[in-house]
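Q: I'd like to ask you about the structure that follows.
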């Protein structure tokens, strides 16, 4: 019987305490004050706070003061109460400090945030493996395992060091939970070879750790297939002189590596990004088409080529003909005029005439005296 009486007294005291707390006013002028005003505690760590219950209202006769808590110990010192916890493992806890007298009741509650960094963070593409196609939509997924509180979690998706998007959860669960975040992207050729990953950060405010808890996922290197894109395009008329060389450039980038096809009205050419003709003739004049293609698409560029006639051969021929004519004239002149005058003309009669005109000179004999 006595044992049942004790249980009844304890139950009534608990009900009375609940009555005091539930019926208190948190907007009173001289309400209790906690120091610090907010606690951010890692799950399993120790913590403490001091409640200054009141300044003047406590002087009224019949005023009672107390600090209601789910865990921990309290130590009184006048109108202050020290609350301590050696190892905080409760996810839902909020100590209430109050005083009550015949006039009114006044209380304050301490905001306590118990957090746990993610156990792990993983990154993936939803329902997709292998290369992506440029211009198609894909979904990135970041899975955060066992984190608390989820509402303070901020997840950021990255390509390299570029942030693609930032997401938060509307889950108000205080205990550790696993949350999945998704972000849609439309890749381009700039994403080819990019490293995609995500980061989970607990934003706990100024009362939390100076360095917010951050856990990152592994990297996934993306392969993006995109149609060929020409490095340059040609729209101007290309003019080349006959006999000179011609080179057309149709270089392009694409994934997979593109193939090249050259066509013209007069001949076919070997495949490659460059078309070279060592010596252009008038027959090479016209339009050249280069088609660059892979399984994603095709890019085409056209080159209009004009060939100018070369007069160098004609000039050389004229000079050669003139030179030959000059040589012929010189030879003829030599044979007709120079050689006869140089050698002279001789007549046989003149030879005899010259012989008869010569007379003998008489000899003179000189005597001795």
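Numbering (mature numbering (1 follows the signal peptide of the UniProt record, and there is no 0)), first residue to last: -18 to -1, 1 to 351.
The beta-carbon is built from N, C-alpha and C at its ideal position, and this holds for glycine as well.
#1: Name, in chain order, the residues that DSSP records as bridge partners for residue 66.
#2: Can you list, in chain order, the residues of its chain whose CB lies under 6 Å from that of residue 291, leaving out five sequence neighbours each side?
#3: For residue 50, does the three-state DSSP call read helix, strand or coil?
#4: Under the three-state reduction of DSSP, which class applies to residue 60: helix, strand or coil?
#5: Report the partner residues of residue 272 according to the DSSP bridge assignment.
#6: With three or more C-beta pairs closer than 8 Å as the rule, is the region 67 to 74 touching the region 24 to 34?
#7: Where residue 265 and residue 272 are concerned, what is the direct C-alpha to C-alpha distance, given to the nearest angstrom?
#8: Where does residue 137 fall in DSSP's three states?
#9: Leaving out five residues on either side along the sequence, give the residues of the same chain with a beta carbon under 6 Å from the beta carbon of residue 124.
#10: Mind checking which residues open and close the beta strand (DSSP E) that includes residue 122?
#11: Is the separation between the beta-carbon of residue 126 and that of residue 182 shorter than 7 Å?
#12: Just checking my contact of residue 98 with residue 158 at CB under 8 Å: how many whole Å lie between their CB atoms?
#13: Going by Cα to Cα distance, which pick from 101, 95 and 143 is closest to residue 131?
#14: What did DSSP end up calling residue 101 once you bin it into helix, strand or coil?
#15: Pick helix, strand or coil for residue 209, following the three-state DSSP scheme.
#16: Work out the CA separation of residue 209 and residue 177 for me, nearest whole Å.
#17: Taking contact to mean 3 or more Cβ pairs, one atom from each stretch, closer than 8 Å, check whether the region 145 to 159 and the region 201 to 221 are in contact.
#18: Would you say residue 213 and residue 241 are within 7 Å of each other, going by their C-beta atoms?
#19: Check whether the Cβ atoms of residue 33 and residue 16 lie closer than 7 Å to each other.
#20: If I follow the unbroken beta strand (DSSP E) through residue 256, where does it start and stop?
#21: Helix or strand or just coil, what does DSSP make of residue 12?
#22: Would you mind giving the Cβ-Cβ distance between residue 189 and residue 18, rounded to the nearest angstrom? I have them listed as a contact below 8 Å.
#23: Out of curiosity, what's the CA-to-CA distance linking residue 207 and residue 116?
#24: Expressed to the nearest angstrom, what Euclidean distance is found between the alpha-carbon atoms of residue 10 and residue 54?
#25: For residue 167, does the count of other Cβ atoms within 10 angstroms reach 16, so buried, or fall short, so exposed?
#26: Have a look at 277, 228 and 249 and flag the residue whose alpha-carbon is nearest the alpha-carbon of residue 256.
#27: How would you write the range of the beta strand (DSSP E) that residue 230 sits in, first residue to last?
#28: Under the three-state reduction of DSSP, which class applies to residue 172: helix, strand or coil?
#29: Can you tell me which of 279, 21 and 83 puts its alpha carbon nearest to the alpha carbon of residue 43?
#30: Excluding sequence positions up to five away, which residues of its chain have a Cβ less than 8 Å from the Cβ of residue 152?
#31: Going straight from the alpha carbon of residue 283 to that of residue 215, what length do you get?
A: Based on what the coordinates show:
#1: 30 and 55
#2: 224
#3: strand
#4: coil
#5: 244 and 283
#6: yes
#7: 19 Å
#8: strand
#9: 105, 137, 163 and 180
#10: 120 to 129
#11: yes
#12: 5 Å
#13: 95
#14: coil
#15: strand
#16: 21 Å
#17: no
#18: no
#19: yes
#20: 256 to 259
#21: coil
#22: 7 Å
#23: 6 Å
#24: 27 Å
#25: buried
#26: 228
#27: 228 to 231
#28: helix
#29: 83
#30: 133
#31: 6 Å
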